[in-house]
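Heads up, the thing below is written out as structure tokens.
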Amino acid sequence: MTIDPAVLAAPGFGAHFTDHMVLVDFSEQSGWHGRRVVPYGPLPMDPAATALQYGQEIFEGLKVYRHRDGHLRLFRPDMNARRFAASAARLALPAVPAGLFVESIRQLALVDAAWVSDRPGVSLYVRPFVIGTEALLGVRPARHATYGVIASPAGSYFGDTETGISLWLSQNHSRAGAGGTGAAKCGGNYAAALVAQTEAKAHGCQQVLFTDAATRTWVEEAGSMNIFFVFADGTLVTPPLNGAILAGVTRDSVIELARDRGQRVEERPISITEWKEAAATGELTEVFAAGTAAVITPIAALVTDDTVIETRASGSPSTAQQLRDELTGIQHGTIPDRRGWLLDLGPAPR
Ligand code: COI
Numbered sequence: 103m104t105i106d107p108a109v110l111a112a113p114g115f116g117a118h119f120t121d122h123m124v125l126v127d128f129s130e131q132s133g134w135h136g137r138r139v140v141p142y143g144p145l146p147m148d149p150a151a152t153a154l155q156y157g158q159e160i161f162e163g164l165k166v167y168r169h170r171d172g173h174l175r176l177f178r179p180d181m182n183a184r185r186f187a188a189s190a191a192r193l194a195l196p197a198v199p200a201g202l203f204v205e206s207i208r209q210l211a212l213v214d215a216a217w218v219s220d221r222p223g224v225s226l227y228v229r230p231f232v233i234g235t236e237a238l239l240g241v242r243p244a245r246h247a248t249y250g251v252i253a254s255p256a257g258s259y260f261g262d263t264e265t266g267i268s269l270w271l272s273q274n275h276s277r278a279g280a281g282g283t284g285a286a287k288c289g290g291n292y293a294a295a296l297v298a299q300t301e302a303k304a305h306g307c308q309q310v311l312f313t314d315a316a317t318r319t320w321v322e323e324a325g326s327m328n329i330f331f332v333f334a335d336g337t338l339v340t341p342p343l344n345g346a347i348l349a350g351v352t353r354d355s356v357i358e359l360a361r362d363r364g365q366r367v368e369e370r371p372i373s374i375t376e377w378k379e380a381a382a383t384g385e386l387t388e389v390f391a392a393g394t395a396a397v398i399t400p401i402a403a404l405v406t407d408d409t410v411i412e413t414r415a416s417g418s419p420s421t422a423q424q425l426r427d428e429l430t431g432i433q434h435g436t437i438p439d440r441r442g443w444l445l446d447l448g449p450a451p452r
């Protein structure tokens, strides 16, 4: 397909798809087999497939970057592979081995290399997924599954976010509860968040913020992003991975980058009350979100039923901006990768 240069220059997020996809089948008898690159298009599926009837589906999200040397590189795919396997275990799906995971992404990235822009802030977002494909109305794990990888050129998730986005505090809906699927990356978690996300939009906010389901006291995550707080003494606070929160690759990277810069990072529960009080005293200087799609996005306000808690970074550049510059510099190859976070997929034609 001829690629529209305007699309590659400003792709937005998730609206355009590359020319190919990778598919691999699973059966209990043969394991994973039949890996193939095929034109991007609809998947033939039995209407009784467990993915359709019972939401037996998991996915991942990671990005491919084109560097100045013409090579394509992936950011920390080992972490995504591990999380994908953990999600598979939680959704009773077969795990995709890490080797197959990386190899299938490499294959797709190289065949669709023309879709990988070298513009700052633009990358190729890769979406691996597994669906249960066995036709079955009895409720048990599917014995057949399909692993697929699709890709989509990605720019900014929120558009212009220089001044920050606002979050709507969901009071009626929960994303995850104890023993639920909150730590898994499964479509059901996102489906369950849609009504709260719609509510957020109705209140003029870009995203919803979820607190713990049991007491609605503790900050958890923003549905598609983890959350960080920056205090006046430079300490970063982020909610701990308590089984209800997604273990974000960007979250983990931010923690490491901040610690290497000499900042204290605390993974500890933080309440809405603490947020409100610390913002009022000026002790809380910044709030930001972190995710593969969102990268690092400042949060300017938390909107609740009866109040708006504002935080605007006073320093310039803000902590969020400094971390974002360092993270995206490593990802795009303009800052040395001292930690071995990048995986070279090889040289690629434009
Ligand atoms: C990602 O950042 O990769 C996500 O999964 C968020 C996505 C659901 C938009």
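Heads up: take any position in the sequence shown, counting from 1, add 102, and you land on the numbering used here.
For each residue, glycine too, the CB sits at the ideal point set by N, CA and C.
Query                                                                                                                                                                : Result
What three-state label does DSSP hand Pro179 in the structure shown?                                                                                                 : helix
Would you give the residue range spanned by the beta strand (DSSP E) that Thr421 belongs to?                                                                         : Here Thr421 belongs to no beta strand (DSSP E); instead the alpha helix (DSSP H) covers 421–434.
Can the beta-carbon of Val453 be found closer than 8 angstroms to that of Leu195?                                                                                    : Any question about residue 453 goes unanswered here, given that the chain covers just 103 to 452.
Quick check on Pro199: does DSSP put it in helix, strand or coil?                                                                                                    : coil
Are there three or more Cβ pairs, one per stretch, closer than 8 angstroms when the segment 142–155 is compared with the segment 230–245?                            : yes
Using a Cβ-Cβ cutoff of less than 7 angstroms, which residues in the same chain neighbour Ala294 once the five nearest sequence positions on both sides are dropped? : Arg277
Any contact of the segment 269–284 with the segment 125–139, i.e. 3+ C-beta pairs under 8 angstroms?                                                                 : no
Go ahead and label Val410 buried or exposed: buried means 16 or more other beta carbons lie within 10 angstroms of its beta carbon, across all protein chains shown. : exposed
Give the range of the beta strand (DSSP E) segment to which Tyr249 is assigned.                                                                                      : 246–256
Does the distance from the CB of Phe390 to the CB of Ile401 come in under 8 angstroms?                                                                               : yes
Do Gly163 and the ligand COI come close, with the Cβ less than 7 angstroms from some heavy atom?                                                                     : yes
Out of Pro255, Pro230, Arg184, state which residue places its alpha-carbon closest to the alpha-carbon of Val218.                                                    : Pro255
For Ile398, which residues in the same chain have their Cβ closer than 6 angstroms to its Cβ, ignoring the five residues on either side in sequence?                 : Phe390, Ala392, Ala422, Leu425, Arg426
As a quick exercise: from Thr120, Ala396, Glu205, pick the residue whose alpha carbon is nearest that of Val126.                                                     : Glu205
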